[in-house]
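Visitor: Residue numbers (full-length UniProt numbering): 1 to 166.
This is the structure we're talking about:
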């Protein structure tokens, strides 16, 4: 059995690990098929400028959701645009959150609103004003919010259950 010298292998590995960023060898999040621009950077502390822009974006989306929710409740708009805006808002809330507790609070608020929309869609469907498609979109929105809450709680190591939020 042939033995490989340890020192040259160690030098090669340390060079690859240490020199990779300088040579552009590392994979950026933009190169990855799994990158998700809605999630905050993995940097422990983003710059103040980035945090400010995330907050500004989140606040703008809050206004959009308020407008779309009002139009939906008045019956002048469908639930699809509201559901999409709420998903985008939730992602912006998560990106602007500084602590894990802030992230969980943001998702709990999203879940609360999703349940309200699902209840409203159910009433609209039962009275013949809304359709099953509207109800299905509302239910999917609630399920997505519940899933997001479970994921955030599992990151924090809390018991994984959405029952406490129901």
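Glycine is no exception: its CB is placed at the ideal position from the N, C-alpha and C atoms. All values derive from a computational prediction rather than experimental measurement.
Leaving out the 5 sequence neighbours to the left and right, which residues in its chain are closer than 7 Å to residue 138 when beta-carbon positions are compared?
Guide: The residue labelled residue 138 in the question sits at position 138 within the chain shown. Around residue 138: 79, 117, 118, 121.
Visitor: Between residue 77 and the rest of its own chain, which residues show a CB-CB distance below 7 Å, the 5 nearest in sequence each way excluded?
Guide: In the chain shown, residue 77 corresponds to position 77, counting from 1. Closer than 7 Å at the Cβ level, and outside the excluded window around residue 77, lie 68, 71.
Visitor: Distance, Cα to Cα, residue 96 vs residue 152?
Guide: One-based indexing of the chain shown puts residue 96 at position 96. One-based indexing of the chain shown puts residue 152 at position 152. Answer to the nearest angstrom: the Cα atoms are 14 Å apart.
Visitor: Excluding five sequence neighbours on each side, which residues of the same chain lie with their C-beta closer than 6 Å to the C-beta of residue 104?
Guide: Here residue 104 refers to the residue found at position 104 of the chain shown. Around residue 104: 152.
Visitor: Residues in the same chain with beta-carbon distance under 6 Å from residue 114, minus the five sequence neighbours each way, listed in chain order, please.
Guide: Taking the first residue of the chain shown as 1, we reach residue 114 at position 114. Same-chain partners within the cutoff: 141, 142, 145.
Visitor: Rounded C-beta distance between residue 92 and residue 58? I'm assuming under 8 Å.
Guide: To locate residue 92, count along the chain shown from 1; it is residue 92. To locate residue 58, count along the chain shown from 1; it is residue 58. Right, the Cβ-Cβ distance comes to about 4 Å (below 8 Å), so this counts as a contact.
Visitor: Return the chain-ordered list of same chain residues with a C-beta closer than 6 Å to the C-beta of residue 54, the five sequence neighbours on each side being excluded.
Guide: Residue mapping note: residue 54 aligns to position 54 of the chain shown, counting from 1. Excluding residues within five positions, the ones whose Cβ falls inside 6 Å are 95, 96.
Visitor: Once the 5 residues before and after residue 156 are set aside, which same chain residues still bring their CB inside 6 Å of it?
Guide: Counted from its first residue, the chain shown places residue 156 at position 156. Taken in chain order, the residues that qualify are 100.
Visitor: Leaving aside the five residues before and after residue 88 along the sequence, list all residues of the same chain whose C-beta is less than 7 Å from its C-beta, in chain order.
Guide: As a first step, residue 88 must be located in the chain shown, where it is residue number 88. Excluding positions up to five away in sequence, the list reads 61.
Visitor: Under DSSP, the alpha helix (DSSP H) around residue 47 begins and ends at which residues?
Guide: Indexing the chain shown from 1 puts residue 47 at position 47. Element bounds for residue 47: n/a, residue is neither H nor E.
Visitor: Express the C-alpha separation of residue 106 and residue 131 in angstroms, rounding to a whole number.
Guide: Stepping through the chain shown from its first residue, residue 131 is reached at position 131. Stepping through the chain shown from its first residue, residue 106 is reached at position 106. One C-alpha to the other measures close to 29 Å.
Visitor: May I ask you to check if the CB of residue 63 is nearer than 7 Å to at least one heavy atom of the ligand SAH?
Guide: Summarising the ligand content, the structure contains no ligands, and the ligand SAH is consequently not present.
Visitor: For residue 127, name the three-state secondary structure that DSSP assigns.
Guide: Residue numbering aside, residue 127 sits at position 127 when the chain shown is read from its first letter. Coil at residue 127, not helix or strand.
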